[in-house]
Structure formats: C-alpha cells, structure tokens
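Chains as they are written, first to last, in my numbering: chain A, 1 to 217; chain B, 218 to 686.
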C-alpha cells in the first residue's frame, strides 16, 4: 500500500506542527506540504497534487469555504477533508456543497483524524458523528410530502381566511383590525378560531401553511 | 365665592354657550329690558298726567256751563241753553256729551240729538253744596269722565259734562309704538355692534386656539401677530414667547437625543467588535493551541509504553478536550462566527437549535427571501433582537411554542417573534423587562427601523421589527 500524501492547510503553526508529527508518525502517511492560508495553498496544491488536503475553514485572506471550489476545479484528483472548530450544521452543509469529501471537528482530531483520512481515501464520505443527524433530517424533510389542507381551509369563514392571510403576511393585529374594520380583540378571536380549525399551533406553522397553499402571492 | 355650588352651577350653564352667543345675548337682553321698562313707566306717567288734566278740564268746563246757564234757566230760555251746550261741545273736541238737568230732575237741554240715554241721569247727581262731583263711567265707547256741577247751589238743577278718554288712549298707543320701534332699532344696532365686538374678541382667540393645537402637534414654528395691546394681545405675546422657548427646548432635546443615539450606536458597535475580537481570539488562538495540545498528547499516548504514564496522558488529553469544548462554547456565546461567515439565517438556525436543547420551548423558524446576505450591522442587530426576545420568552413567558419569522421584502426586512405564553402589558412591564425591550427598540431604531409589541396578559406576545433596506 502506497503512502498517502497529505497537504496541510491551517493558519495555526503550532497545530500544524502537532498534526505533522501525528501523521508522519504513521508509516502509511506523509505530510508533503503545509500552507497557512488559502492563497498559499492553491499554487502549492497545483504543484504537488497531493492525495488529500486537510483544510481549515477559518483562515486569513482566502478562507476554507472560498478556496474549496477552486481546489475542486484545479486539483480535481485531490480529496478534501475539512478540519475545523465549527460544529454548526450550516458550516457542514456549506462545506459539503462546495465539494468537501469529509468533515472532522478539531475537538476530535486526536482520535478521529486518522480514521477519517482512511475513510476518505477509500472513497467514502466522512462526517463527524454529532453532525450526521442534521444531514438525515435534511433528507427526511424533503421526503415528507406536504399534507393537503385544502378542505380545512374552505371550512373557515371569509373573515377568518382574510385575517389568517394578513397574519401570515406579517401584519400586526392592529393593522389587520384597521384594514378589515373590527377591533384588535376580534382579530385575535378570528385568528384563534381559524388556527384551531386548521390545527395550526404557531404563527410559523401558519406561514408554512400559507406558503404551501400559495396564499401569500 | 368662586367655589360655591351656585357659581359652579352658573358657570356650567354659562359655559354651555359660545362667547359670541354670550355677548349677543347680553346686548339684546339689555336692549329689550330697557325698552320694556321705559314703555311701562312712560305709559303710566303719561296716562296719569293726561287723566288728571282731562278731569280738571271737565270740572272747569262744567263750572263754566253751570255759571252761564243760571240766568237762562231762571228766565227759562231753553234755546239759549241749548246753544250754550252746542258751543261748549264745539270748543272741546274731547267732550262726549253735556246736558243740564232742572230742579225737578227733567233734562232741560242736551247734546245727544235724538235718543237721550235717561239712565245716564242717575249715574251722577251732586248735592247742592258740592263744588263738583266727578266719576268714571265705563261705557261701550270707552271710559268717560263725568262731572256734575250744581247750578245756583242746586236750586236751579245741575249741569253734566262727559269727557271721553279715547284721545288719551290713542296718544298712549302712538307713544308705545314709537318706543317699541326705537327699542327694536336699538336692539338691531346692538346686535350688529355685538357681532363686531365678538369678531374682534374671538378672532385672535380662535387664531390662538389653532396655533396652540399646532404646537400640540409639535409644530413650534407658530408665531402670531398681536393685534392690540389689550389682554388678548398680551396673551398672544406670551404665547409667542412660549413657542420660542419650546422650539429652543425641542431643538436642544433633539440635539441631545442625536448625541445619545450616536453614543449608543458607538457603544453597541464597540461592544460587538469587542465580542467579535474575543470570540475570534478564543476560537483561533486558544482553540488551536488546545487542539495541538490534544494532538500531541495523543501522540505521546501512542508512543508511551508505561501503562501508568499512558493513563496520566489520556487524562490530560481529555482535560484538554473538555477545555477546548468550553472555550468553543464561550466563543460562540460571545458572538457566533457563523453570523459573520454564513449570515443571519445560519446563525439563527444554530442559536435556535441550541435554544431548543436548553429550554422546553418549541421554536419554529421560518425564513423567506433571505438567500442573499443582509448588511452586517442589520444582521447583528436582528440576531441580537431575536436572541433577546427568545431569552425573555424562556425566562418569563412560560410558553409552549414560539415562532421566529424573518422575511425580506424588496425594500425592507421584517422579523416577527411570537410566543403563546402568559403575555404581559407592554406599558406595565417591570424594569428589567422594560430595559430589555428598550434595548431591542434602540437597536431597531438605530437602523431607522421600528419595533412594535403586541401583548396582553394571557394572550402571548408578538414583537414586530421592521427595518428598511
């Protein structure tokens, strides 16, 4: 089995040194280059064409998220494993969208990094376990078809429909009261009754419902 | 005196009319009162005087007839007697009748022509020693003053004359109509004068009223021209001085407010910048150093042959990992780097995820039309407002669900945070809450936006923020 050639991009020199020591200690891995930011990384990657690039997201000048698509384009054979402090799902999504092959959190670097590199080299995608749930939720969310609530909407009175439509559009109760010519108290009543009939529990749920029904156009 | 119930009652009555009505009413009432008073008095005096003169005339004419009739009766010259009566009647236009009664009670001569009213004789019969006797007869032609004078001390009968009051009545009627006409005329002049006076008095007052209303609407540019140096003119001058003072105070207030707002903006920006710097420092420097520490300890762990030392190193590694976790959380709490790197939506998603983990409130976030990033100060402000709102909900609202809506329209961004909790009276919120709401409002206003709160106890609460783009 040939040695995995690794290019390391992280702005923190002490961490780089630690990682180099960790990786070079293994017989099957070798760090062939290091860069402190995205600007430094790009030409280096083009020059040495590594097997895998360990990429930090937060770097001065050109950050990880900006440099990722460029790497995909210019060094398509190199796999990119993101190594970052950020445990937020949105970073994960952005990184995967930009073409990362894996996502490892720095807090788990000591124990997971080697396994992640090996998994990515096998052609798998590696994502830190605390973040996989979010990806599953994304898939599920699109898989669940919006329920049809056409009939319950038709059971609402005209006033209730108008009130709910205006609530979903983001108007205050006072604005709605002025617009349809009743008191704010009555608006609250219409709204509560309409939501009850539709089985909606919050304003956000109402907005989603209105979007699905196309009431906001 | 001004506190007495009577005065209060009077003032409630008088206050119900406008100044115009009051002045006009007083003038007309005075004119009418004067007219009626003068009419009554003049009529009384006039009537009394004329009646007295009529009586005197009656006595004098009757005595004249009696004196001149004496000889005629004694010689029984009835024709001369008749002529005497006719002559007397021609000389006195008010004389209604005259007749002479003989000693035996028969009428010797009279001025009635045909048909002498015989019942007239008993009405007034003088005694022989009377100088004269006058009575008032109510006839169907009006009141008549009837005077009887004995002739030759009653030995030759008596003479009777009757003077009609009709001409007096006519004079008084004419006089009355003259006075009434004058009264009406004076009243009309009075009304015109009162209208003029009212106009003079009320015009500047109405102007003052309009100007005061404008000042009430915060228009301090109002200046009025004092017409005269009377009380109203002084009021106008005082009013002008007041608006000048108010305009000055308003300007000072606006300047202070602007300074305060600038200062606040600076403080908020500085605070955010400081938080960002510390968060970044924690994240980049401390975090990276801890990570390298962990990596090196792991290496040591792998290289170490001594099992006891291996356990020690593993313990240190775990400590470093925990510290890293703590530092990272602190950094995110101070200011999430997501907000700068990925924008408001991602930052709110992260915050709400964290929030759900720590509270029992089910938060639902809906973001519409925010594919592109908003200006950084706006993102920060909206993030902090939502954060503060959700913190308040967790702390006070006892809500089951909360909604966070974020919508970008072509010209503005609207955020709504709503919960189904216990609600509160926005005007009666306690000091801590009010300060929090105030801070949120300030953040919105620094972006020229506005924040509206709708809530009442038991009805949940909704906070609307609208910021122009």
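Every residue, glycine too, gets a C-beta built ideally from N, C-alpha and C.
- Under DSSP, the beta-bridge partners assigned to residue 582 of chain B are B:621.
- With contacts defined by Cβ atoms closer than 8 Å, residue 49 of chain A and residue 30 of chain A do not form a contacting pair.
- Taking a C-beta distance under 8 Å as the contact criterion, residue 561 of chain B and residue 526 of chain B do not qualify as a contact pair.
- When 7 Å is used as the limit between beta carbons, residue 572 of chain B is near no residue of chain A, the shortest such separation being about 14 Å.
- From the beta-carbon of residue 128 of chain A, no residue of chain B is found nearer than 7 Å; the closest lies around 13 Å away.
- DSSP places residue 227 of chain B within a helical segment (H, G or I) once states are collapsed to three.
- Residue 90 of chain A reaches chain B at 555, 559, 563, 566 and 567, counting residues in chain order whose Cβ is nearer than 7 Å.
- Taking all protein chains shown into account, residue 641 of chain B has 16 or more neighbouring C-beta atoms within 10 Å of its C-beta and is therefore buried.
- Interface flag for residue 183 of chain A against chain B is unset, since no Cβ pair is found closer than 8 Å.
- Between the C-alpha atoms of residue 318 of chain B and residue 353 of chain B there is a straight-line separation of about 19 Å.
- Around the beta carbon of residue 416 of chain B, a 10 Å sphere encloses fewer than 16 other beta carbons of the protein chains shown; the residue is thus reported as exposed.
- Exposed is the label assigned to residue 234 of chain B, since fewer than 16 other Cβ atoms lie within 10 Å of its Cβ.
- The C-beta distance from residue 657 of chain B to residue 605 of chain B rounds to 5 Å, short enough to meet the 8 Å contact threshold.
- Residue 668 of chain B is bridged by DSSP to B:682.
- When rounded, the separation of the alpha-carbon atoms in residue 504 of chain B and residue 678 of chain B is 40 Å.
- A straight-line Cα-Cα distance of about 49 Å links residue 567 of chain B and residue 464 of chain B.
- Neighbours of residue 635 of chain B across chain A, judged by C-beta separation under 9 Å: 202, 203 and 204.
- Neighbourhood of residue 676 of chain B in chain A, by CB distance below 9 Å: 188, in chain order.
- Interface with chain B (8 Å Cβ-Cβ cutoff): residue 14 of chain A is included.
- The region 366 to 375 of chain B and the region 336 to 352 of chain B touch, with three or more beta-carbon pairs separated by less than 8 Å.
- If you draw a 10 Å sphere on the C-beta of residue 11 of chain A, you find 16 or more other C-beta atoms in it, and that means buried.
- When DSSP states are grouped into helix, strand and coil, residue 95 of chain A belongs to the helix group.
- In this chain, the alpha helix (DSSP H) harbouring residue 451 of chain B covers 448 to 498.
- Residue 512 of chain B has a beta carbon lying within less than 8 Å of a beta carbon in chain A.
- Within the region 80 to 136 of chain A, the runs of alpha helix (DSSP H) at least 4 residues long that lie entirely inside it are, in chain order, 89 to 98 and 109 to 121.
- With the criterion set as a beta carbon lying under 8 Å from some beta carbon of chain B, the members of the region 70 to 86 of chain A are 85 and 86, in sequence order.
- The beta carbon of residue 570 of chain B lies closer than 6 Å to none in the same chain, with the five residues before and after it left out.
- For residue 208 of chain A, the chain B residues whose C-beta falls within less than 9 Å of its own C-beta are 581 and 583, listed in chain order.
- By the CB criterion at 8 Å, residue 418 of chain B and residue 236 of chain B fall inside the cutoff.
- In this chain, the beta strand (DSSP E) harbouring residue 381 of chain B covers 375 to 381.
- Proximity of residue 110 of chain A to chain B, defined by a Cβ-Cβ separation below 8 Å, is satisfied.
- Here residue 155 of chain A is not near residue 180 of chain A, since their CB atoms are 8 Å or more apart.
- Secondary structure note for residue 209 of chain A: it is in no beta strand (DSSP E), and the uninterrupted alpha helix (DSSP H) holding it is 203 to 213.
- DSSP places residue 445 of chain B outside both helix and strand once states are collapsed to three, so it counts as coil.
- Residue 136 of chain A has a beta carbon lying at 8 Å or more from every beta carbon in chain B.
- Closest in alpha carbon position to residue 196 of chain A, among A:69, A:61, A:152 and A:126, is A:152.
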